[in-house]
Amino acid sequence: MSPSPLPSSQSAPPRDPSFPSAPPKAAVPPPPPKASAPPKASDFRTATIENHWNDPPKTIFRKPNEEEQEAFDKEALTASLTTLLDACRSSFTEGSNKRIFDDTEQRIQRMEKEIQQEQIPSHVLWSLSELVEALQKKQWDQASTVHTRLMTTEYDKHGAWLIGLKRLIDLAQKASHA
Numbered sequence: 096m097s098p099s100p101l102p103s104s105q106s107a108p109p110r111d112p113s114f115p116s117a118p119p120k121a122a123v124p125p126p127p128p129k130a131s132a133p134p135k136a137s138d139f140r141t142a143t144i145e146n147h148w149n150d151p152p153k154t155i156f157r158k159p160n161e162e163e164q165e166a167f168d169k170e171a172l173t174a175s176l177t178t179l180l181d182a183c184r185s186s187f188t189e190g191s192n193k194r195i196f197d198d199t200e201q202r203i204q205r206m207e208k209e210i211q212q213e214q215i216p217s218h219v220l221w222s223l224s225e226l227v228e229a230l231q232k233k234q235w236d237q238a239s240t241v242h243t244r245l246m247t248t249e250y251d252k253h254g255a256w257l258i259g260l261k262r263l264i265d266l267a268q269k270a271s272h273a
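My numbering puts the first residue of the sequence shown at 96, with every later residue one more than the last.
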C-alpha cells in the first residue's frame, strides 16, 4: 500500500529555496594546520665530533710550565718513599706480610729507578708527590683517590709499580694501626 496523500488542508509547507532538500549534515571540523617539516636528519655517529659531549676536561691536557718542572724535587720524592718503606719494614718482619712487603719494596725500587732515569712524565710525578704527601699525613682516602686516578690513566705504562704503590698504601695504613 502506498501512503495516502495528505488532505489538501494538511499539505506540506512550501519549500524554502535556502533549505536543501537533504537533512543538515553534522558540522565538519576544520582541517588540521599544515605540519612543519620533520627535523633535518642527522647522523648520530658524528654527535661526539659535533657536540663534544664526551670530551675530557681540558685541564688534564695542561702541560706544566717550566717553573713547575724545575720546582719538582725528585730526590725528596724518593727520600719520602724510602722513609715510608722503612717505617713499614719494622712492622712486617714475618709471614705473608713480609713477602708482601718484600714484593712492594721491589716494585717501589723499580719506580725510583724510573724516576732517576726520567722515564716518568712530570704530571705523574706530581701525582706521586701528592700521594706521598697524603701518606705522610695519614690521609688514606686521599692517597687511595690519587692512586685510583693514576691506575685509570697510567696503568698501561706503569702498572707494575702502581700495584706496589697500592700495597704501600695498605701496608702504611696497617703499620700505623699496629
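Every residue gets a Cβ at the ideal spot worked out from N, C-alpha and C, and that includes glycine.
What you are looking at is a predicted structure, and each value in this text was computed from that prediction instead of being measured.
Thinking residue i and residue j are a contact (beta carbons under 8 Å), I'd like their distance in whole angstroms, please.
i	j	result
residue 172	residue 223	6 Å
residue 200	residue 180	6 Å
residue 266	residue 183	5 Å
Look at the Cβ atom of residue i, then the Cβ atom of residue j, and state whether they are nearer than 8 Å.
i	j	result
residue 256	residue 202	yes
residue 170	residue 219	no
residue 271	residue 233	yes
residue 207	residue 176	yes
residue 242	residue 264	yes
Between residue i and chain D, is the shortest Cβ-Cβ distance under 8 Å, so that the two count as touching?
i	result
residue 182	Structure shown: chain D not included; a single protein chain is present.
In this structure, how does DSSP classify residue i when only helix, strand and coil are distinguished?
i	result
residue 265	helix
residue 175	helix
residue 169	helix
residue 131	coil
residue 270	helix
Stretch pair the stretch 211–225 + the stretch 236–253: three plus CB contacts closer than 8 Å: yes
At 4 residues or longer, what runs of the alpha helix (DSSP H) sit wholly inside the stretch 179–254? 190–211 and 217–231
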